[in-house]
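Heads up: the sequence lines are chains C and V, in that order.
In my numbering, each residue carries its 1-based index in the first sequence increased by 4.
In my numbering, each residue carries its 1-based index in the second sequence increased by 8.
We put the CB at the ideal spot given by N, CA and C, even for glycine.
Below: the structure, in structure tokens.
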Amino acid sequence: MKLLSSYIKEMKIAARGFYFYIEIGMAVIILAVLLFAVNEFPTSSAKEFIYYDMSKEIKSLMLQEELDDGTLELAEPTQIKMKAALFSVKNKETNETKTYTYDEEIYHLDTYKVFDQKTGKLQKTIIETGSEDDLIRLAWQEKTIGAAVGMNEAGEASTRYYLQGYETARFQNLLYILQNESPATLQAAMDGMTITKLENAELLNTRQSLVPLLVVLMGALMGFFIAIAYIFLDKDEGVIRAYAVTPSTVWKYLLSKLLVIITTVIVSSSIFTIPVMGAQPHYLLFYTLLIVSSFAFSSLGILIATFFDSMSKTFGALYVFLIAMMLPAFSYYVPSFDPLWLRFFPTYPLLQGMKEIMMKSTDVNYVLLFSGVYLAGGIFLFLFANLRFKKTLAV
Amino acid sequence: MISVKNLSHSYGNDRKLAVKNISFEVENGETFGFLGPSGAGKSTTQGILTGLLKLQKGDVSVAGYDISRVHNERFNTIGVSFEQSNVYSKLTAKENLQFYAKLFDVPTRDPMELIHLVGLLGKENDLAGTFSKGMKHRLTFARSMINNPELWFLDEPTTGLDPAIAANIKDIIKEKTTAGTTAFLTTHNMFIADELCDRVAFIIDGEIVLIDTPSSLKLQYGQKLVVITYLKDDQVVKETLKTTDEKDRLRIGEVVNLYEVQTMHTKEATLEEIFIQVTGRGLV
Ligand SMILES: Nc1ncnc2c1ncn2[C@@H]1O[C@H](COP(=O)(O)OP(=O)(O)O)[C@@H](O)[C@H]1O
Ligand SMILES: [Mg+2]
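See below:
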């Protein structure tokens with residue numbers, strides 16, 4: 005009862021303040037941007053740089069079949085401005101390092117478009133380079149993988165890949181298997197490896213794939229920020245001292261604040277998630293993860309607020325924290341960038357979990373496991389904040 | 009109602025104590041005044057008694073509860089008015105009281121009645137954020153009565169209020185304490201203390217210097233004073249003389265014999281004068 009009336013009171017206060025409207029307003033803006041400014045399918049899809057290390061005749065033989073059935077099509081040559089460059093490349097097998105130095109120049113490169121066999125949709129664009137050195141240079145400049153396709157004595161295609169150095173071991177293994185094994189072993193190897201992630205990622209279109217990121221931003225991180233703001237608004241008024249001399253308890257006071265934040269987060273996240281995602285997400289899991297994660301992050305906010313006297317003094321810590329918490333977004337957008345240390349960031353499993361939830365086939369166990377972790381972490385942080393709060397009451 | 013034994017409190021880790029080894033008892037139904045200049049440790053003591061500050065050293069029991077243990081239900085019979093007013097600025101005066109009332113498990117008073125009592129009628133639907141300092145203070149004071157407390161903590165209830173309102177607050181306190189409420193009153197206003205308190209403690213630099221009833225203090229320390237005005241060389245001269253002092257007594261006789269006395273009356277020492285006499289310090 006006391007918790008309920010505290011909650012109602014906090015909702016009233018929130019409705020008369022501006023943080024609530026900022027959050028809702030931002031959610032509406034996000035929805036508008038997602039619906040009107042982000043295309044579901046990007047017009048230009050992935051680019052790939054390839055060097056065919058073989059004679060013209062063998063190359064056209066190789067490509068002829070695909071050109072015939074229409075899945076490959078010669079397109080306008082691509083003009084690329086090559087920047088002056090100085091870099092070194094390390095060969096993984098021989099451990100030799102070779103250094104390249106280039107001046108600025110402009111290339112016109114043969115370009116092919118690859119279409120999906122079934123749907124006829126554009127899948128990727130292949131840009132052919134004239135030499136292996138050019139391939140390396142382009143892969144370096146464009147930060148993508150370069151492939152040099154050659155032919156061995158037995159007439160089998162073999163490929164040398166040029167990677168950026170941060171790709172995961174699994175990704176490297178996959179490339180290795182792809183080029184070295186016969187189709188039969190390859191299939192077996194692929195079955196053996198769980199590459200569900202790579203497959204599933206394609207189930208979210210460009211617009212949808214932004215949703216998990218925005219949910220983390222508007223849910224966990226905004227919740228964290230608003231919690232700090234609410235605590236300082238209250239600290240200025242000192243009402244907690246009046247609360248502390250009633251039969252109600254400090255934790256009810258704090259929890260009522262968190263419940264308001266969670267309510268705000270639920271409303272704002274729903275505003276853009278439901279219209280964009282429709283019926284596809286696993287909503288039960290979505291709200292579970294949303295609630296426990298915003299609970300954990302806003303508890304952290306409250307706890308941090310107990311260590312500072314004023315809002316302005318928290319800004320330094322706040323800034324560093326928010327930037328750090330956004331780092332997992334890089335791994336989210338560049339799946340091949342997935343260093344181990346990044347997984348220990350609290351936003352990492354949240355982002356991955358939200359992505360799972362948004363997809364048609366959700367890894368329920370993964371989401372539930374981390375929901376449990378957030379709940380446990382949230383309770384711990386909340387109890388700690390409660391303790392700190394009681395200690396820092398003043399007359 | 010309150011029992012304090014050897015209470016000490018320090019805010020920092022340093023040795024400087026805001027409250028130094030104080031002991032006192034407050035009887036049921038008594039109005040106990042805690043008097044001292046600002047910075048003496050009055051609010052700190054009230055903070056410990058109300059559980060806002062953690063008990064560091066000493067034995068304290070309030071309303072029958074040992075305060076080193078947590079008993080939230082004890083607050084059902086306790087009311088606290090703060091030196092610094094603290095109300096929700098985003099809630100109206102009435103909403104502030106209504107919400108606060110819901111936090112108690114005992115019957116509470118009608119918010120409107122309290123608003124009327126402290127002279128805020130007509131302002132009940134205004135956001136407390138729009139209130140003046142004095143109005144916020146009155147709302148904070150009104151809130152402390154919402155649960156009909158048996159034990160009432162009042163930290164500087166009249167400080168910073170204009171005299172008419174201060175008198176109004178004083179009357180409200182007097183009415184409640186006459187009806188049997190125990191009050192722990194913290195103030196540096198000796199007139200308020202003199203009028204309201206059954207007993208007073210003088211506190212300075214965290215130490216209690218003495219505890220007694222105002223009337224006994226006046227008997228002990230308050231020498232009777234005689235104020236005489238007389239004409240000397242066509243000019244009015246005013247002299248204040250102590251009846252307890254041998255020399256002064258002779259001087260009174262001398263003045264009466266030699267000059268034309270215009271007025272002559274005796275005056276009782278105020279609590280403030282006694283405080284200065286005992287502690288050697290003023291009250292500001
Ligand atoms: N939160 C605090 N932190 C550090 N020192 C404090 C704090 N509050 C009060 N003090 C110090 O403790 C002493 C007693 O203060 P206080 O109890 O507020 O006095 P009073 O209420 O009698 O004016 C003063 O020296 C004051 O500076
Ligand atoms: Mg004080």
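| query | Are any of the Cβ atoms in chain C nearer than 7 angstroms to that of V:Lys24? | reply | Chain C contact via Cβ: absent.
| Should V:Thr52 be listed as close to ligand 1, given that the test is whether its C-beta is under 6 angstroms from any heavy atom? | Yes, Cβ of V:Thr52 sits closer than 6 angstroms to a heavy atom of ligand 1.
| said: Using a 10 Å radius around the Cβ and a threshold of 16 neighbouring Cβ atoms, would you call C:Val219 buried or exposed? | reply: With 16 or more neighbouring CB atoms inside 10 Å of its own CB, C:Val219 falls in the buried class.
| request: Kindly say whether V:Asn133, judged by its beta-carbon, lies nearer than 7 angstroms to any beta-carbon of chain C. | output: Not one beta carbon of chain C lies nearer than 7 angstroms to the beta carbon of V:Asn133.
| message | Would C:Glu241 pass as an interface residue toward chain V - the criterion being a Cβ-Cβ separation below 7 angstroms? | response | Interface residue (Cβ-Cβ distance to chain V less than 7 angstroms): C:Glu241 is classified as such.
| request: Consider the Cβ of C:Ala224: report whether some Cβ of chain V lies at a distance smaller than 7 angstroms. | output: Judged by the 7 angstroms Cβ criterion, C:Ala224 is not in contact with chain V.
| request: Report the residue from C:Tyr165, C:Tyr287 and C:Phe24 whose alpha carbon sits nearest the alpha carbon of C:Ile54. | output: Nearest option by C-alpha distance: C:Tyr165.
| query | For V:Trp160, which residues does DSSP report across the bridge? | reply | Listed as beta-bridge partners of V:Trp160 by DSSP are V:Gly87 and V:Ala191.
| message | Can you tell me whether C:Gln145 is helix, strand or coil according to DSSP? | response | C:Gln145: helix per DSSP, three-state reduction.
| said: Taking CB distances under 7 angstroms as the criterion, tell me whether V:Thr166 reaches chain C. | reply: Look at V:Thr166: its C-beta is not under 7 angstroms from any C-beta on chain C.
| Contact residues within the stretch 84 to 107 of chain V, judged by C-beta distance below 8 angstroms to chain C | From the stretch 84 to 107 of chain V, only Asn84, Ile86, Val88, Phe90, Glu91, Gln92, Asn94, Val95, Tyr96, Ser97, Lys98, Leu99, Glu103 and Phe107 have a Cβ closer than 8 angstroms to chain C.
| message | Going by the DSSP bridge assignment, what does V:Ser11 pair with across the sheet? | response | The bridge partners DSSP lists for V:Ser11 are V:Glu33 and V:Ser69.
| query | Taking 6 angstroms as the cut-off, is the CB of C:Ala300 close to at least one heavy atom of ligand 1? | reply | No, Cβ of C:Ala300 sits at least 6 angstroms from all heavy atoms of ligand 1.
| query | If you measure from the CB of C:Glu61, is any heavy atom of ligand 3 nearer than 6 angstroms? | reply | Ligand 3 is not among the ligands present in this structure, which contains only ligand 1 and ligand 2.
| query | In whole angstroms, what is the alpha-carbon distance linking V:Ser97 and C:Thr351? | reply | Roughly 35 angstroms between the two C-alpha positions.
| task | With 8 angstroms as the C-beta to C-beta threshold (strictly closer), list the residues of the stretch 246 to 263 of chain C near chain V in chain order. | result | Under the 8 angstroms Cβ criterion, the stretch 246 to 263 of chain C contributes Ala246, Tyr247, Ala248, Val249, Thr250, Pro251, Ser252 and Thr253.
| query | Can V:Ser46 be considered in contact with ligand 1, in the sense that its beta carbon sits closer than 6 angstroms to one or more heavy atoms? | reply | Within the cutoff, so yes.
| Would C:Ile17 count as contacting chain V if we go by Cβ distances under 7 angstroms? | So yes, C:Ile17 belongs to the interface.
| said: Quick check: what's the CA-CA separation for C:Phe229 versus C:Thr250? | reply: About 28 angstroms.
| request: Could you tell me the distance, in whole angstroms, from the CA atom of V:Ser46 to the CA atom of V:Thr39? | output: Distance between the alpha carbons of V:Ser46 and V:Thr39 is about 21 angstroms.
| query | Ends of the beta strand (DSSP E) at C:Glu61? | reply | In this chain, C:Glu61 is not harboured by any beta strand (DSSP E); it is covered by the alpha helix (DSSP H) spanning Lys60 to Asp72.
| query | Looking only at DSSP bridge pairs, what is V:Arg289 linked to? | reply | According to DSSP, which records beta bridges pairwise, V:Arg289 is partnered with nothing at all.
| task | Scan the stretch 217 to 289 of chain V and note each continuous alpha helix (DSSP H) run of 4 residues or more that stays entirely inside, going in chain order. | result | Taking only runs of at least 4 residues, the alpha helix (DSSP H) segments lying wholly in the stretch 217 to 289 of chain V are 222 to 228, 254 to 266 and 279 to 287.
| At a CB-CB cut-off below 7 angstroms, which residues of chain C make contact with V:Phe112? | The contacting residues are Thr250 and Pro251.
| At a cut-off of 6 angstroms, is V:Glu91 close to ligand 2 when judged by its beta-carbon and the heavy atoms of the ligand? | Yes, since a heavy atom of ligand 2 falls inside the 6 angstroms radius drawn around the Cβ of V:Glu91.
| said: Output needed for V:Tyr238: all residues of its chain with C-beta closer than 7 angstroms, excluding positions within five of it in sequence on either side, in chain order. | reply: Answer for V:Tyr238: Val245, Val263, Tyr267, Glu268, Val269 and Gln270, listed in chain order.
| task | Taking only beta carbons into account, state which residues of the stretch 241 to 266 of chain V come closer than 9 angstroms to chain C, listed in chain order. | result | Answer in chain order: no residues at all.
| request: Sort out for me which residues DSSP pairs C:Glu132 with in a bridge. | output: Per DSSP, C:Ile54.
| Which residues, in order along the stretch 40 to 62 of chain V, keep a beta-carbon less than 8 angstroms from a beta-carbon of chain C? | Interface annotation for the stretch 40 to 62 of chain V against chain C: Ser51, Thr52, Gln54, Gly55, Thr58, Gly59, Leu60, Leu61 and Lys62, criterion Cβ-Cβ distance under 8 angstroms.
| field | Sequence ranges, alpha helix (DSSP H) only - wholly within the stretch 67 to 148 of chain V, length at least 4 | value | Fully enclosed alpha helix (DSSP H) runs of 4 or longer: 101 to 109 and 119 to 125.
| query | Going by other Cβ atoms of all chains shown within 10 Å of its Cβ, with 16 needed for buried, is V:Trp160 buried or exposed? | reply | Classification of V:Trp160: buried, given that the 10 Å Cβ count is 16 or more.
| task | With hydrogens ignored, establish whether the beta-carbon of V:Gly49 is closer than 6 angstroms to any heavy atom of ligand 1. | result | At least one heavy atom of ligand 1 is nearer than 6 angstroms to the Cβ of V:Gly49, so yes.
| Mind checking V:Gly188: buried by the 16 CB within 10 Å criterion, or exposed? | Of the residues assessed, V:Gly188 falls on the exposed side of the cut-off, its CB having fewer than 16 other CB atoms within 10 angstroms.
| request: Using only the heavy atoms of ligand 1, determine whether one of them is closer than 6 angstroms to the beta carbon of V:Ala26. | output: Ligand 1 approaches V:Ala26 closely enough that one of its heavy atoms is under 6 angstroms from the residue's Cβ.
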